[in-house]
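Each residue of the sequence shown is one higher than the one before, counting from 44 in the numbering used here. Glycine is no exception: its CB is placed at the ideal position from the N, C-alpha and C atoms. Here the structure is a predicted model, which is why all the values come from computation and not from measurement.
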Amino acid sequence: MADITTLKDWRFSIDEQQIAWAIFDREGESQNALGRRPLEELMAIVERVEAGARDRSIAGLAILSGKEKGFIVGADVREFEQFTTAAEVTEAISPVLAMLNRIEKMPVPVVCGIHGFCLGGGLELALACHYRIATRDDSTRVGFPEVRLGIFPGFNGTARSIRQAGALAAMPVMLSGSMVRASAARAMGLIDELVASPANLAWSASKAITQKRRSKPVGGWRNLARQWPVRNLLVSKMRAETAKKVRADHYPAPFRLIDLFEQHGGNLDAMKAAETRAFAPLMVSDTSRNLRRVFKLSEMLKAQAPKDIAFKPMRVHVIGAGVMGADIAGWCVAQGMEVTLQDLSADAIAKGIAAQSKLFGRRFRTKALRDAAKARLIADPNGDGISRADVVIEAIVERVEVKQNLFKSLEGKLKLGAVMATNTSSIMIEDIAAALADPGRLIGIHFFNPVAQMPLVEIIRGRQSREDDVRKGCAFVTAIDKFPLIVKSNPGFLVNRVLAPYMMSAMQRLERGEPPELLDEAARTFGMPMGPIELADTIGLDVCAHVGRILGLDGAGSRLERLVAAGKLGKKSGEGFYTWKDGKPVKAEKPYDKGLLERLGRELVEPLIAECEKCRDEGIVDSADLVDAGVIFGTGFAPFRGGPLHYRATSDPSAAAGRQAAE
Ligand code: NAI
């Protein structure tokens with residue numbers, strides 16, 4: 044048990060109104076996560092407050108965060124790795140559950156004040172308190188991201204969130220892992236009171252304590268959803284909705300949560316008890332382990348951005364307002380930057396700008412914010428923005444001499460220290476740079492299509508690129524909320540290089556008579572977001588053929604080449620390997636044997652994995668983990684498998700052991 048007088052992660056005090064203040068300010072960390080020590084210290088606080096309540100020296104407890112941004116981001120994911128069995132998980136959780144019950148039963152009011160993220164275990168702690176106050180600030184979000192880590196709330200948040208918000212509101216929050224704004228959380232019943240700013244939290248908390256305010260569980264029709272037969276209807280609907288998004292064999296957690304609600308939703312005490320029994324096996328499952336690994340890989344990618352350089356990009360100039368350039372410009376604007384957009388004609392620019400209204404509509408909720416975004420996206424036919432920009436990105440036609448000429452004309456105009464980048468997907472950075480007076484300045488910043496949906500951006504380090512500029516490229520990509528991955532210049536960089544042999548070999552199978560539907564379903568059974576044939580049609584068969592040629596994958600005389608020659612380019616032309624209707628491929632749905640799909644799925648990804656191994660051995664990126672990170676975030680490679688190289692090492696232990704011996 045921690046000593047209340049020597050707390051490290053909490054500050055504890057009692058004021059003259061006899062209100063106890065527990066301020067969570069985890070030592071040495073920028074954010075608060077609930078790990079073993081903070082929880083032990085909180086236990087000491089709980090005991091102290093219980094004693095104070097007994098002898099009437101404490102009138103209430105207020106729980107706040109000492110961090111400038113954020114309440115609690117969740118349980119400490121780093122500590123999850125210590126568990127190898129479900130029994131260990133249960134043993135570790137039970138004192139936390141007991142402590143939360145003691146908070147709930149505290150004879151004096153317990154109020155928590157929330158500003159910024161209040162997620163996972165943080166929200167579960169908040170739900171055990173008697174009253175919840177949050178700032179109306181845009182940064183305040185509550186939610187249960189657990190399903191993204193292959194689990195669901197395990198500190199009795201399942202039952203408590205349903206008690207407060209009703210199953211109709213609480214279950215979708217847990218099933219989707221989405222984050223809810225403070226005002227919406229207030230409407231649901233997860234939050235009781237809103238205040239304007241963090242400065243108001245302490246005052247409102249002390250008022251709530253002196254007035255003994257207590258949140259009421261949801262009542263009326265919103266509570267009906269827990270009762271039979273409404274519960275059964277809701278359960279069927281949730282199962283169907285969830286199955287549309289994920290497969291139960293790949294991502295079991297949401298399905299187990301629905302089972303839990305189905306069995307115990309009518310009795311929340313029983314639900315609390317059953318929660319741990321369902322939660323513990325998920326925590327030690329391969330899926331959860333691998334999803335935690337994906338989370339750590341994302342952190343690793345973010346860490347590629349240097350912290351030691353004073354490069355704060357605010358202005359971006361994009362040249363080329365086509366498919367990529369316009370969307371890159373729109374994305375940067377949506378992230379708060381000011382962007383000038385250049386193309387050969389005013390029409391092309393106007394079209395590119397108009398195409399961004401969808402993104403702004405999704406991103407900004409008020410007209411004022413949307414108007415502000417539109418004002419930050421500036422048509423710039425003459426390139427006036429070049430000399431002011433912190434980052435200049437070229438996304439024009441894919442021809443080396445055209446790009447060379449453009450960069451030659453740019454070189455002298457850029458301001459000192461600005462990043463100069465090409466979005467080329469197939470030309471060597473060195474070849475473009477060869478025409479420049481200062482070739483060291485050019486780097487690649489390679490976005491993926493569709494820009495708004497793809498989390499990864501490759502930063503291409505040409506042999507001539509200056510390291511400082513590469514690092515600035517990473518800083519820029521992080522500033523626009525994408526994951527940067529530094530990749531050594533080579534044909535196809537990383538993502539296209541590993542995708543190409545995978546797709547080409549699937550096309551060869553097609554050529555040999557295997558149905559496209561079977562190939563696509565097998566890849567999806569493995570866990571790919573889309574099968575290779577549908578992916579080829581979606582990317583465009585002309586682009587696939589071009590990439591194949593660049594990478595030396597001979598497609599002469601192939602069905603791919605024949606389709607391209609006939610102008611059948613896939614989704615964009617309405618026909619490719621599939622016929623496309625209303626943006627969807629027309630597929631002959633046949634029930635295939637599960638064993639066949641699984642075996643074929645594993646075979647299909649073999650060429651991709653083999654290419655990943657080559658990239659690792661050639662040092663295309665700095666480590667095997669970075670290969671996995673790039674391929675997961677650049678292709679959507681089955682996240683629950685933890686990445687291609689990790690999958691290879693864990694699914695084929697003999698091969699992994701052999702390789703290790705060789706190393
Ligand atoms: P696009 O053909 O849609 O757009 C190119 C635009 O550049 C056109 O609007 C054209 O008018 C303009 N342009 C051509 N020369 C220009 C010049 N000298 N000055 C100003 N504007 C000029 O092409 P897309 O697909 O957007 O590709 C652009 C670049 O991005 C290429 O290098 C391509 O390899 C790369 N890329 C494309 C991806 C894709 O999926 N389309 C994915 C990743 C990279």
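- Counting only residues of its own chain and dropping the five nearest sequence neighbours on each side, ALA45 has a CB closer than 8 Å to the CB of ARG80, GLU83, GLU84, MET86, ALA87.
- Residue burial is scored here from C-beta neighbours: SER182 has fewer than 16 other C-beta atoms within 10 angstroms and is therefore classed as exposed.
- Listed as beta-bridge partners of ALA283 by DSSP are no residues whatsoever.
- Looking at the backbone, the Cα of PRO260 and that of ARG203 are separated by about 9 Å.
- With contact defined as three or more Cβ pairs closer than 8 Å, the segment 244-253 and the segment 93-105 are in contact.
- Secondary structure at MET463: strand, using DSSP grouped into helix, strand and coil.
- Per DSSP, reduced to three states, the secondary structure at TYR174 is strand.
- Contact between the segment 148-160 and the segment 330-350 is absent: fewer than 3 CB-CB pairs across the two stretches fall below 8 Å.
- Placement of the Cβ of ALA480 at a distance of 6 Å or more from every heavy atom of the ligand NAI is found.
- Collapsing the DSSP output to three states places GLY598 in coil.
- In summary, ASP427 is exposed, with fewer than 16 beta-carbon neighbours lying within 10 Å of its beta-carbon over all protein chains present.
- With contacts defined by Cβ atoms closer than 7 Å, VAL382 and CYS375 form a contacting pair.
- Here the alpha carbons of ARG256 and PRO493 stand approximately 49 Å from one another.
- When distances are taken from the beta-carbon of GLY363 to the heavy atoms of the ligand NAI, the shortest one is below 6 Å.
- Classified as buried, ALA225 has 16 or more neighbouring CB atoms from the shown chains inside 10 Å of its CB.
- Within the chosen limit of 6 Å, the ligand NAI reaches the beta carbon of GLU441 through at least one heavy atom.
- Looking at the DSSP output, ILE436 bridges to VAL361, ALA464.
- Relative to the ligand NAI, the nearest heavy atom lies less than 6 Å away from the CB of MET367.
- In this structure, CYS658 sits away from PRO687, with a CB-CB distance that is not shorter than 7 Å.
- Bounds of the beta strand (DSSP E) holding LEU237 are 236-238.
- Judged by DSSP in its simplified three-state form, PHE67 adopts strand.
- Within 6 Å of the C-beta of ASN492 there is at least one heavy atom belonging to the ligand NAI.
- Inter-residue distance for MET550 and LEU603 is about 8 Å (C-alpha atoms, whole angstroms).
- Between the alpha carbons of THR568 and GLN74 lies a distance of about 38 Å.
- By the Cβ test, the segment 524-541 is in contact with the segment 500-508, since at least three Cβ pairs between them sit closer than 8 Å.
- Look at PHE490 here: in three-state DSSP terms it is coil, with no helix or strand label.
- Remark: the C-beta of ASN533 is outside contact range of the ligand NAI, defined as less than 6 Å to any heavy atom.
- Look at LEU387: its beta carbon is less than 6 Å from one of the heavy atoms in the ligand NAI.
- About 15 Å separates the Cβ atoms of ALA316 and PHE195, ruling out a contact at the 8 Å cut-off.
- Considering only THR581, LYS614, LEU561, LEU584, the residue with the shortest C-alpha distance to ARG642 is LEU561.
- With a cut-off of 6 Å, the C-beta of SER240 is classified as distant from the ligand NAI, since no heavy atom of the ligand falls inside that distance.
- Cα atoms of TYR294 and VAL674: separation of roughly 19 Å, rounded to the nearest angstrom.
- The residue among LYS630, THR581, ASP597, ALA565 with its C-alpha nearest the C-alpha of GLY638 is ALA565.
- Exposure of GLY379 is indicated by the presence of fewer than 16 other C-beta atoms within 10 angstroms of its C-beta.
- Taking ILE176 as reference, the option from GLY619, LEU107, SER666, LEU162 with the minimal CA-CA separation is LEU107.
- Remark: the shortest separation between the CB of ALA391 and any heavy atom of the ligand NAI falls under 6 Å.
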